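Keeping their order, the protein sequence lines are chains E and W.
Position 184 (the first sequence) corresponds to 184 in UniProt numbering; numbering is contiguous.
Position 99 (the second sequence) corresponds to 99 in UniProt numbering; numbering is contiguous.
There are 2 protein chains.
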Amino acid sequence: MDDDYTSLRKHIEKIVQLTDEEFAFVSKHFNFEKFKKKETLFTGGDPVKYVYFVLSGLLKLFYTDKEAKEHIVSFAMEDWWETDFQAYYTESNALLTLECLEDTRVLRLSLEDFEKLCNGLQKMERFFLKKSIAGHIGSERRILSFLTLGAKDRYEQLLAKSPSLMQRIPKSLLASYLGVSRETLSRLIS
Amino acid sequence: MDDDYTSLRKHIEKIVQLTDEEFAFVSKHFNFEKFKKKETLFTGGDPVKYVYFVLSGLLKLFYTDKEAKEHIVSFAMEDWWETDFQAYYTESNALLTLECLEDTRVLRLSLEDFEKLCNGLQKMERFFLKKSIAGHIGSERRILSFLTLGAKDRYEQLLAKSPSLMQRIPKSLLASYLGVSRETLSRLIS
DNA sequence: TGCAAATTGTGAGGTTTGTCACACGCCCTG
DNA sequence: CAGGGCGTGTGACAAACCTCACAATTTGCA
């Protein structure tokens, strides 16, 4: 589907501009893939071969603890890049699991192709640097929210920042993302 | 001091190799600066002009809430890069404060010079990409620890990962970094 | 359409953590 | 060497949160 690649192009061109030839080079490194609700792209213990650019759908990235409880590290929707970055970049096994909450379409990129892309086109290295910085900043903001806010304030901050997520995601999963039990969240918002 | 720049070079060359000419180009963009204990490199509300590479000493990066309580986002010691990245990259005002816990020597880099460095030498863009990825991974690990661990386990994990920090940092600050009160931490470890 | 699974609300009781208060010892500096 | 600031431990009580249990409702799918 050409449409999928043009949404990748639009996404990249929010940061760096590409000629048609350059984008042709870029898109050669990606592969299209689709998954159904409840399928996993990888599971804890698996090797993590790809980073995924989400075209449509919704995913949860989570850790499963000893008591088999899930702790949601992040949600990924349209225009997000997601994987277990630790496992991906070090070519080791996943600590986390990436699972579809809805039917999902992605473009995947292997580490080898990621490096070819960076080496072959400096603009893409620039793109990934900017993306990585943005991700780092986002994570630090989230850490700050754990340090400074109570559960209710964390919920309201999320509500203000990502209202779109709230309608697509069950509150029990939001609770996990916020780091509280679903019962506590239920009481906080009633 | 030539010594300061060679420690920067060693640090960079853990990731990318540089010729003498290349490193001469790199080092031109940095400026040396030193601070005494309790001095701040920037304070919440200030514009943030630099990212700092720590040569020696120790810093705390923290947020001050409405009740004037400090929440420590991060410590920075030798070989760390630190700043309020949000404010630095967006050229906006600091949300955080960066303050010396010990006498500290740094090399600072302005955003303008950061970009010149990346444009002038692709290896440095590669270097910063790798560093940024590592930072992002570290932040996600910390988020995971807030989601999955109790305060005592977070303390022990930190103790296992960074024993060196423990001896240099008062426990009241460690408590703030871990997201618990100093009284609670005191009781957990006794 | 109909049944099983998923989602959410709510009560009771226990655990964890925060807050306030005070005491003690240490180190630094004048 | 004396005082003040700092770091730390601890008791008492309050607040936040978790767990278990059960019920009501909605949703998904066969």
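Just so you know, even glycine gets a beta-carbon here, dropped at the ideal spot from N, CA and C.
Since this is a predicted model, take the numbers as computed values, not measurements.
Using three-state DSSP, classify residue i as helix, strand or coil.
| i | result |
| --- | --- |
| W:H71 | strand |
| E:F128 | helix |
| E:E33 | strand |
| E:L18 | coil |
| W:V51 | strand |
| E:A24 | helix |
| E:L188 | helix |
| E:S176 | helix |
| E:E91 | coil |
| E:L117 | helix |
Between the options, which lies nearest to residue i when the distance is taken from Cα to Cα?
| i | options | result |
| --- | --- | --- |
| E:P47 | E:T184, E:E156, E:L111 | E:L111 |
| E:F75 | E:V16, E:I133, E:Y52 | E:Y52 |
| W:G138 | E:R182, E:D84, E:T64, E:F32 | E:D84 |
| E:K116 | E:W81, E:S27, E:F42, E:Y5 | E:S27 |
| W:F23 | W:K36, W:T97, W:K123 | W:K123 |
| E:L173 | E:Y155, E:S190, E:A160 | E:Y155 |
| E:N119 | E:F25, E:S7, E:Y5, E:R9 | E:F25 |
| E:T184 | E:K161, E:G150, E:L159, E:P163 | E:G150 |
| E:H29 | E:K161, E:S190, E:D113 | E:D113 |
| E:E82 | E:G135, E:N31, E:F35 | E:G135 |
| E:D65 | E:K161, E:W80, E:T97 | E:T97 |
| E:S7 | E:W80, E:Y88, E:A68 | E:W80 |
| W:Q17 | W:L121, W:K152, W:R187 | W:L121 |
Does the ligand PLP have a heavy atom nearer than 6 Å to the CB of residue i?
| i | result |
| --- | --- |
| E:F25 | Summarising the ligand content, the structure contains no ligands, and the ligand PLP is consequently not present. |
So the beta strand (DSSP E) residue i belongs to, where does it begin and stop?
| i | result |
| --- | --- |
| W:L107 | 104-110 |
| residue 191 of chain W | Since the first residue shown for chain W is 1 and the last is 190, residue 191 of chain W is missing from the structure and cannot be characterised. |
| E:T83 | Premise fails: E:T83 is in no beta strand (DSSP E) and is neither H nor E. |
| W:L41 | 40-42 |
Check whether the Cβ atoms of residue i and residue j lie closer than 7 Å to each other.
| i | j | result |
| --- | --- | --- |
| W:G179 | E:F146 | yes |
| W:I15 | W:K171 | no |
| W:R141 | W:Y50 | no |
| E:I12 | E:Y177 | no |
| W:L58 | W:E102 | yes |
| W:I143 | E:S132 | no |
| W:L55 | W:R105 | yes |
| E:E21 | E:K60 | no |
| E:R168 | E:A175 | no |
Identify the continuous alpha helix (DSSP H) that holds residue i and give its terminal residues.
| i | result |
| --- | --- |
| E:L165 | 163-168 |
| W:L98 | From DSSP, W:L98 is part of no alpha helix (DSSP H) but of the beta strand (DSSP E) over 97-100. |
In chain E, which residues lie less than 9 Å from residue i when you measure between Cβ atoms?
| i | result |
| --- | --- |
| W:H71 | L144, L147, T148 |
Listing by chain order, which chain W residues have their CB less than 8 Å from the CB of residue i?
| i | result |
| --- | --- |
| E:E125 | Q122, E125, R126, L129 |
| E:D65 | T148 |
| E:G179 | F146, L147 |
| E:E183 | Ordered by position in chain W, no residue passes the 8 Å Cβ test against E:E183, which lies about 17 Å from the chain. |
| E:E82 | Those do not exist, as E:E82 stays about 11 Å from chain W at its closest Cβ, beyond 8 Å. |
Quick one: list the residues of chain E neighbouring residue i, beta-carbon separation under 8 Å, in chain order.
| i | result |
| --- | --- |
| W:P137 | Going by the sequence as given, residue 137 of chain W is Ile instead of Pro. Per Cβ cutoff of 8 Å: F85, Q86, Y89. |
| W:E99 | The contacting residues do not exist; W:E99 stays about 16 Å from chain E at best. |
Just to make sure I have the definition right: I need the residues of chain W whose C-beta is within less than 7 Å of the C-beta of residue i. Which are they?
| i | result |
| --- | --- |
| E:S132 | L129, S132, I133, H136 |
| E:E112 | Correct list: empty, because the minimum Cβ distance to chain W is about 16 Å. |
| E:E33 | In chain order: nothing, as chain W lies at least about 23 Å away. |
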